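So the protein sequences, as listed, match chains A, B, C and D.
This note's numbering puts the first residue of the first sequence at 61, with every later residue one more than the last.
This note's numbering puts the first residue of the second sequence at 61, with every later residue one more than the last.
This note's numbering puts the first residue of the third sequence at 61, with every later residue one more than the last.
This note's numbering puts the first residue of the fourth sequence at 61, with every later residue one more than the last.
Below: the structure, in structure tokens.
Number of protein chains: 4
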Amino acid sequence: MTNDELVAGLQRLSDSASFNRWAGFEVLAADPGRVELRMVQKEDGKQYAGFLHAGLIGALIDTACGFAAYTQVGAVLASHFSVSCMAPAVGEAFYCKGQVVKSGKRQVFARAELFAEDKDGRRKLVATGETILMVA
Amino acid sequence: MTNDELVAGLQRLSDSASFNRWAGFEVLAADPGRVELRMVQKEDGKQYAGFLHAGLIGALIDTACGFAAYTQVGAVLASHFSVSCMAPAVGEAFYCKGQVVKSGKRQVFARAELFAEDKDGRRKLVATGETILMVA
Amino acid sequence: MTNDELVAGLQRLSDSASFNRWAGFEVLAADPGRVELRMVQKEDGKQYAGFLHAGLIGALIDTACGFAAYTQVGAVLASHFSVSCMAPAVGEAFYCKGQVVKSGKRQVFARAELFAEDKDGRRKLVATGETILMVA
Amino acid sequence: MTNDELVAGLQRLSDSASFNRWAGFEVLAADPGRVELRMVQKEDGKQYAGFLHAGLIGALIDTACGFAAYTQVGAVLASHFSVSCMAPAVGEAFYCKGQVVKSGKRQVFARAELFAEDKDGRRKLVATGETILMVA
């Protein structure tokens, strides 16, 4: 499978989830064990101060980790995810890189970094996260 | 402040966040250090298998913990949250109880339990979570 | 099996680990899904300020969770544990309660609370933790 | 301050903690925001199957993160740490690299990787961890 096919397959997987369609997750790039996502800030995606809502921060990190795992082991289900919020998540768009740290027979450990993009496309790290996924 | 006023104040806080309005978070009950939320499953809130999306699982847990903290210390910002997914999050609605475990001058530790409700209102634990919130 | 036999069996399991013998973990009580441990503060167990070292905080929480799981599913291996440190861990002894939150075929989710005991036996919550254990 | 002075200062800090002296933590290298530790496997440091005890896994990760933070902001106290156990921690010695991910006025976020060393010095990743540290 070429990387283009991997990206197209992950985009179809993303679009099969109603939440991902609503959120507008775009799969930018993928390699075995790695994936890059992007989402334009939606008007309906904010917390009370106007920053990106923690639910979408978690969704991007969980999805980037899950897709990175998917490229190596196929279908997975998250059993744990954690998010560290390091800076206010303010941006025109958000970019998330996920990677597999360790892939086993039963479990996959992955992590991700979430960056806010300003209107000039400059990226700033705003959160990191880790997931544990069970092989389905 | 009566508990009714606390509930009304938290509902206004929730409704001031565009994501919470979209998701339809309802504040059912509140005491100092405790809060109960509910959300009817939305068509746009699902992952690829039709379960509640991890982003909404995280959003409910983060919000329940944040609101529980708010009742004791006012405005807070999450610096960390973690979610353990214990069973498929399938339900007509979801109910989330958050409580403060320890409230300090600079940090509040809170935790929450998320239950799926079937069409008869029976509840089943599907996830738990923990947050660390910085006092704003 | 009576609870006395459960306690005796867990104490033998604990004593089969060289670290636990060194640390002096005592199994106080056990039920299916629940266990209570105690450890007298050792001179060699401190961090630089004289508080209980994070390694021993983690060890008590991990052991209480693992033993609680063991009472329900037998041998387990931790794949994840997290610890929230809520107050300085200063005490004559430390008491830790672990309990299973959800036990599945492949994974067990457990959590624990750690209390410091002063010289009059009064207990104060100093840390909480969560673990995910794989059934061996 | 040269890196040699940084290493010497961190080794003194480590040796001021009775647990670290008992465990035999050696500071191998340090830069601002980064530190490397090593510990020879002790007979008294094992869990029931003979692997490195989770308490020492946590202690190495917590210490590597705390020392990495110390190089940038001085004294810190851990408020949260989490550990993902990816492979059996079996080795002649253990090597741990810690680094600051984000350093703020009130909090520092750090992460660490723990490797087992076999008798030929070959390293294998066995655990990763994350910490949140409060600036003292």
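For every residue, glycine included, the Cβ atom is placed at its ideal position computed from N, Cα and C.
The structure displayed is predicted, hence computed values, not measured ones.
- Segment contact: the stretch 109-124 of chain D against the stretch 154-168 of chain D, three or more CB-CB distances shorter than 8 Å; contact assigned.
- One finds G118, D122, A138, H140, F141, S142 and V143 in chain C with Cβ atoms closer than 9 Å to the Cβ of V143 (chain D), taken in chain order.
- Comparing alpha-carbon positions, the option among C:R81, C:L70 and C:A119 lying closest to V95 (chain C) turns out to be C:L70.
- Chain-order list of chain B residues neighbouring M146 (chain D): empty, with the shortest C-beta distance near 18 Å, by a criterion of under 9 Å.
- For Q167 (chain B), at least one C-beta of chain D is nearer than 8 Å to its own C-beta.
- Closest option to G110 (chain B), judged by alpha-carbon separation, among A:L88, A:E86 and A:A77: A:A77.
- Taking a 10 Å sphere around the C-beta of E173 (chain C), we find 16 or more other C-beta atoms and assign the residue as buried.
- Of all residues in the stretch 64-84 of chain A, none places a beta-carbon less than 9 Å from a beta-carbon of chain D.
- Around the CB of E190 (chain B), 16 or more other CB atoms lie within 10 Å, so the residue is classed as buried.
- The shortest C-alpha to C-alpha distance from Q167 (chain D) to any of B:V195, B:T62, B:K179 and B:V186 is the one to B:V195.
- Separation of D64 (chain D) and V87 (chain D) (C-alpha to C-alpha, rounded to the nearest whole angstrom) is 10 Å.
- Burial check for K179 (chain B): the Cβ neighbour count within 10 Å stays below 16, so the residue is exposed.
- Beta-bridge annotation (DSSP): H113 (chain D) is not paired with any residue.
- When the beta-carbon positions are compared, Q132 (chain B) and V161 (chain B) stay at least 8 Å from each other.
- Judged by beta-carbon spacing, A129 (chain A) lies beyond the 8 Å limit of L73 (chain A), meaning their Cβ atoms are not closer than that value.
- At a cut-off of 8 Å between beta carbons, Y108 (chain A) contacts chain B.
- The contact set of E86 (chain C) on chain D, defined by CB atoms closer than 8 Å, is empty, because the minimum CB distance reaches about 16 Å.
- Straight-line measurement puts the Cα of G151 (chain C) at about 9 Å from the Cα of R183 (chain C).
- Setting aside the 5 residues that flank it on each side, D75 (chain A) is surrounded in the same chain by R81, each with a C-beta closer than 6 Å to its C-beta; the list follows chain order.
- Neighbours of A114 (chain D) across chain C, judged by C-beta separation under 7 Å: G118, A119, D122, A138 and F141.
- Listed by position along chain A, the residues whose Cβ is nearer than 9 Å to that of G105 (chain B) are S78, F79 and W82.
- For F79 (chain D), same chain residues with a beta-carbon under 8 Å away, outside a window of 5 residues either side, are A119 in chain order.
- Around the beta carbon of V143 (chain D), 16 or more other beta carbons lie within 10 angstroms, which makes this residue buried.
- For K162 (chain C), the nearest CB of chain B lies under 8 Å from its own CB, placing it at the interface with that chain.
- For a cut-off of 8 Å, the C-beta gap from A114 (chain C) to F169 (chain D) is around 16 Å, too long to register as a contact.
- For R171 (chain B), the beta-bridge partners assigned by DSSP are B:Q159 and B:E190.
- Exclusion of the five residues before and after M61 (chain A) leaves G69 as the residues of its chain whose Cβ lies within less than 8 Å of its Cβ.
- Distance from the Cα of A83 (chain C) is smallest, within the candidate group D:D91, D:M99, D:V67 and D:G105, for D:G105.
- In the DSSP annotation of this structure, S76 (chain B) is not part of any alpha helix (DSSP H), being labelled neither H nor E.
- Not one beta carbon of chain D lies nearer than 8 Å to the beta carbon of E177 (chain A).
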